[in-house]
């Protein structure tokens, strides 16, 4: 199976709060403070959810 398909399937199965962080952080290349501001959460919450 294709790695891209495997990754997409894994991302889709994540709960929304984790999927949202992953997409914003990795795809849009935002920093943790910028993600936190966009989502209205703390930087610590961003880092915890990203981990």
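Numbering (this note's numbering), first residue to last: 206 to 256.
Beta carbons are placed, not taken as given, at the ideal position from N, Cα and C, and that holds for glycine.
Under the three-state reduction of DSSP, which class applies to residue i: helix, strand or coil?
| i | result |
| --- | --- |
| residue 221 | helix |
| residue 233 | coil |
| residue 210 | helix |
| residue 228 | helix |
| residue 216 | helix |
Once you ignore the five residues that flank residue i on each side, which residues in its own chain have a CB closer than 7 Å to its CB?
| i | result |
| --- | --- |
| residue 226 | 240, 251, 254 and 255 |
Note down, in chain order, each residue of its chain lying with its Cβ closer than 8 Å to the Cβ of residue i, except the 5 sequence neighbours on either side.
| i | result |
| --- | --- |
| residue 216 | 224, 227 and 228 |
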